[in-house]
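Engineer: Dumping the structure here so I can ask a few things about it.
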Amino acid sequence: MDPIHATRQLINLALEEDIGSGDLTALAVPAEIQARARLVAKEDCVLSGLELGALVLEVFGAVAEAKIPAGIEDGKFVKAGTTVLTFQGRARDLLTTERTFLNLLQRTCGVATQAHRYKQALQGATLTVLDTRKTTPGLRYW
């Protein structure tokens with residue numbers, strides 16, 4: 000299965016579950032209001048799934064964009080306080096998609112960070128950390 004197609008399906012399900020019949024907070028914001036936001040790492044972590052920001056916006060049909068700052072990339076270890084993504088666009092769309100994206104990114108970065116810890120703990124050993132098929136559906140690629 001195409002990993003992007005599987006991820007789109009997962010995002011659709013997540014948006015459907017999260018938004019339900021509508022996001023009342025976002026709907027309270029006038030449609031013409033534009034906003035900027037930045038996603039800042041809350042703790043030291045290994046980044047994974049940064050492209051999910053743009054993919055969630057795209058699947059939702061948002062009038063907004065996500066940008067990865069220069070020097071930031073998947074697999075990179077960052078310190079708490081580092082800006083890892085910036086967003087710009089219709090405030091209503093950013094508010095509506097925020098939780099779905101954060102949930103996905105917390106999961107992917109959490110797995111990457113834990114795998115990094117295992118790898119560090121095994122430095123010098125003849126063991127190798129491997130993935131298995133026991134991953135969250137739709138997120139193996141990330």
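Under numbering that gives the first Met the number 0, residues 0 to 141 are what the sequence shown spells out, in order. C-beta atoms are modelled at their ideal positions from N, C-alpha and C, and glycine is treated no differently.
According to DSSP, simplified to helix, strand and coil, what is ALA40?
Structural biologist: In the sequence shown, counting from the first residue as 1, residue 40 sits at position 41. Coil.
Engineer: Answer with buried or exposed for LEU14, where buried requires no fewer than 16 other C-beta atoms within 10 angstroms of its C-beta.
Structural biologist: Here the question's residue 14 lines up with position 15 in the sequence shown. Flag for LEU14 reads buried.
Engineer: Run through DSSP, which three-state label would LYS133 get?
Structural biologist: Taking the first residue of the sequence shown as 1, we reach residue 133 at position 134. Coil at LYS133, not helix or strand.
Engineer: Beta carbon of ALA61, beta carbon of ARG35: below 8 Å?
Structural biologist: Mapped onto the sequence shown, residue 61 falls at position 62. Mapped onto the sequence shown, residue 35 falls at position 36. No.
Engineer: Tell me whether GLU50 sits in a helix, a strand or coil according to DSSP, three-state version.
Structural biologist: The sequence position of residue 50 within the sequence shown is 51, counting from 1. Looking at GLU50 - three-state DSSP - the assignment turns out to be coil, as it is neither helix nor strand.
Engineer: Scan the segment 79-105 and note each continuous beta strand (DSSP E) run of 3 residues or more that stays entirely inside, going in chain order.
Structural biologist: Here the runs fully enclosed are 82-89.
Engineer: Expressed to the nearest angstrom, what Euclidean distance is found between the alpha-carbon atoms of LEU26 and ARG116?
Structural biologist: The count along the sequence shown starts at 1 and reaches residue 26 at position 27. The count along the sequence shown starts at 1 and reaches residue 116 at position 117. Answer to the nearest angstrom: the Cα atoms are 41 Å apart.
Engineer: Reducing DSSP to helix, strand and coil, say where GLU72 ends up.
Structural biologist: Here residue 72 corresponds to residue number 73 of the sequence shown, with the count starting at 1. Coil, per DSSP.
Engineer: Going straight from the alpha carbon of PHE76 to that of THR135, what length do you get?
Structural biologist: Residue numbering aside, residue 76 sits at position 77 when the sequence shown is read from its first letter. Residue numbering aside, residue 135 sits at position 136 when the sequence shown is read from its first letter. Their Cα atoms are separated by approximately 22 Å.
Engineer: Out of LEU23, GLN33 and LEU84, state which residue places its alpha-carbon closest to the alpha-carbon of SER47.
Structural biologist: In the sequence shown, the residue the question calls residue 47 occupies position 48. Here the closest residue by C-alpha is LEU84.
Engineer: Along the chain, where does the alpha helix (DSSP H) containing ALA25 start, and where does it finish?
Structural biologist: As a working mapping, residue 25 is identified with position 26 in the sequence shown. Element bounds for ALA25: 23-26.
Engineer: Could you name the residues that DSSP lists as bridge partners for VAL45?
Structural biologist: Looking up residue 45 in the sequence shown gives position 46. VAL45 pairs with PHE76.
Engineer: Quick check on ALA63: does DSSP put it in helix, strand or coil?
Structural biologist: In the sequence shown, residue 63 corresponds to position 64, counting from 1. Strand, per DSSP.
Engineer: Closest to LEU94 by C-alpha separation, out of HIS4, GLY109 and GLY52, would be which residue?
Structural biologist: Position 95 of the sequence shown holds residue 94. Of the listed residues, the one whose Cα sits closest to LEU94 is GLY52.
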